[in-house]
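In the working numbering, the protein residues as written are 1 to 302.
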Amino acid sequence: MTQPSSDFKLNKGDTIGIFAPSSYVDMNKLTHAQTIIEKIGFQVFVHPQTSMRLNQSAGSAEDKATAFHDLLTDNSIKAIMAVSGGNRSSHMLEHINWQCVEKNPKPFIGFSDTTILQNALLTRTGISSIFGPTALYLQNIDKTSINYLGDILQGKTIKYNLSNAKTIAESTATATVIGGTLTAFQALIGTEYMPDAKGKILLLEDTYEETSRIDRALLQLKRALPFENLAGIIFGTFTHLQDTGKIPFGFSLEDIIREHTTGLNIPIVMNAPFGHSDTFYPIPLGSSVKLDTQKDNITISF
Numbered sequence: 001m002t003q004p005s006s007d008f009k010l011n012k013g014d015t016i017g018i019f020a021p022s023s024y025v026d027m028n029k030l031t032h033a034q035t036i037i038e039k040i041g042f043q044v045f046v047h048p049q050t051s052m053r054l055n056q057s058a059g060s061a062e063d064k065a066t067a068f069h070d071l072l073t074d075n076s077i078k079a080i081m082a083v084s085g086g087n088r089s090s091h092m093l094e095h096i097n098w099q100c101v102e103k104n105p106k107p108f109i110g111f112s113d114t115t116i117l118q119n120a121l122l123t124r125t126g127i128s129s130i131f132g133p134t135a136l137y138l139q140n141i142d143k144t145s146i147n148y149l150g151d152i153l154q155g156k157t158i159k160y161n162l163s164n165a166k167t168i169a170e171s172t173a174t175a176t177v178i179g180g181t182l183t184a185f186q187a188l189i190g191t192e193y194m195p196d197a198k199g200k201i202l203l204l205e206d207t208y209e210e211t212s213r214i215d216r217a218l219l220q221l222k223r224a225l226p227f228e229n230l231a232g233i234i235f236g237t238f239t240h241l242q243d244t245g246k247i248p249f250g251f252s253l254e255d256i257i258r259e260h261t262t263g264l265n266i267p268i269v270m271n272a273p274f275g276h277s278d279t280f281y282p283i284p285l286g287s288s289v290k291l292d293t294q295k296d297n298i299t300i301s302f
C-alpha cells in the first residue's frame with residue numbers, strides 16, 4: 001500500500017481540485033469558497049462535474065468517479081476537496097479504479113457524506129485523508145479552523161488544546177483515526193469498505209439527528225466493531241439534535257455516550273471541535289494521532 005496522503009506537503013501556490021462526490025450545489029456560492037482557499041495560500045480548480053445535477057445528486061456515480069480519477073491523474077492538482085456533503089457518495093465506490101488511486105495518492109479533504117469515501121480509501125488503499133470542511137462549508141467556520149486546514153496541508157505539526165471538550169474517561173493513546181460522521185460511517189458496517197477498528201481511535205460526530213437514532217447507531221457500532229477493541233474514542237460536535245417522537249426519548253447525548261462506553265479502559269472525550277459546527281478543526285483519518293484526555297488538559301496532536 002502507498003504511504004498515507006497526510007504525509008504529503010503542499011506548498012503555497014499549489015492547486016486544490018474540487019469536485020462533487022455527493023449532492024449538487026449552487027455554483028454561485030463557490031466564489032466565496034475559492035476566495036477563502038486563496039487566502040490561505042492555494043489556487044483552486046473546479047472540475048466541470050461539480051456543476052452536474054441528477055435529481056439531488058451531482059451527476060451519476062460514474063460521473064463522480066470519472067471526476068475523481070481526473071483530479072488524481074492531473075499532475076497540476078496537489079490535493080482534492082469535496083465541494084459539499086449531502087447524499088450518495090457511497091454509490092461511486094464500485095466505479096473507482098483503486099489502482100489509479102494507489103498510483104496517484106493525494107490528500108483528500110471532506111466530511112459528512114464523504115466519510116464513506118474517506119474510509120473506503122483507507123480500507124482499499126491505505127491512503128489517509130483529512131476530515132475537514134468541504135469547500136462550501138468553509139464559509140461556516142471560524143478563521144482559526146481555516147488556518148489549521150492550511151497548516152495541515154503544509155505538513156505542519158499540530159497540537160489542539162481542547163479547552164471546551166469534556167473527558168468521559170481519562171487515559172492516553174496514540175493510534176490511527178477512523179470514522180467521521182456517525183450515520184455515514186454506520187452505513188459501512190458489513191461492507192468491504194469498513195476499516196479494521198482494532199487498536200484504532202474512533203472519531204464520531206453528526207448533526208440534525210434524533211437522539212434516539214444516535215443511540216441506535218452507537219449500539220450497532222459498539223456491537224459490530226466492537227468498542228472494546230478500540231484504542232480511544234473522540235466524540236466531536238453533535239449539533240441540532242432532536243427529540244421529536246410522540247413519546248420523548250429523554251436520554252441526553254452524554255447519557256447515551258456514557259452508557260455505551262462504560263467499562264472501557266481507553267481515553268474518551270466528548271464535545272471535541274470536529275464536525276458540523278462553526279469551530280471545525282481538521283483531523284487526519286487513517287493517520288496516527290495522540291489523544292490525551294486528562295481532565296484539565298485535553299489534547300490531540302499529530
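Note that the Cβ used here is the ideal one computed from N, Cα and C, for glycine as well.
Nearest C-alpha to F45 among V25, L241, M81: M81. When DSSP assignments are scanned along the region 113-144, the uninterrupted stretches of beta strand (DSSP E) that are 3 or more residues long and fall wholly within it turn out to be 129-131. Around the beta-carbon of T211, 16 or more other beta-carbon atoms lie within 10 Å, marking it buried.
By the Cβ test, the region 224-238 is in contact with the region 261-270, since at least three Cβ pairs between them sit closer than 8 Å.
Cβ neighbours of I109 within its own chain (closer than 6 Å, five residues either side excluded): M81, I130, G132. If you draw a straight line from the Cα of S89 to the Cα of A173, it comes to about 31 Å. Counting of Cβ neighbours within 10 angstroms places G286 among the buried residues, the total reaching 16 or more. About 5 Å separates the CB atoms of I256 and D215; that is less than 8 Å, so the two are in contact. Secondary structure note for Q43: its beta strand (DSSP E) is the uninterrupted segment 43-46. By the neighbour-count definition (other C-beta atoms within 10 Å, threshold 16), E205 is a buried residue. Rounded to whole angstroms, the gap between the alpha carbons of A65 and I96 is 6 Å.
The criterion of a C-beta distance shorter than 9 Å is not satisfied by T31 and S171.
The bridge partners DSSP lists for L291 are A173, I300.
According to DSSP, residue pairing for L182 in a beta bridge does not occur. A79 sits away from L188, with the two beta carbons spaced by 9 Å or more. Of all C-beta pairs linking the region 103-119 to the region 18-28, three or more are shorter than 8 Å, placing the two stretches in contact. Counting only runs of 4+ residues, the alpha helix (DSSP H) found wholly inside the region 187-249 occupies 211-224, in chain order. DSSP, read as helix, strand or coil, puts I80 in strand. F68: member of the alpha helix (DSSP H) spanning 61-73, first to last residue.
For I158, the three-state secondary structure derived from DSSP is coil.
Closest in alpha carbon position to Q186, among P284, F251, L117, R53, is L117.
A distance of 9 Å or more separates the beta carbons of S301 and T176. The bridge partners DSSP lists for S57 are S23, L54. Under the three-state reduction of DSSP, L149 is assigned to helix. Annotation for A33: A135, L136, L138 place their beta carbon closer than 6 Å to its own, counting only its chain and skipping 5 residues before and after.
When L219, R213, L225, P284 are compared, the shortest CA-CA separation from F249 is found for R213. Listed in chain order, the non-local C-beta contacts of N297 below 8 Å within the same chain comprise N161, local neighbours out to five positions each way being set aside.
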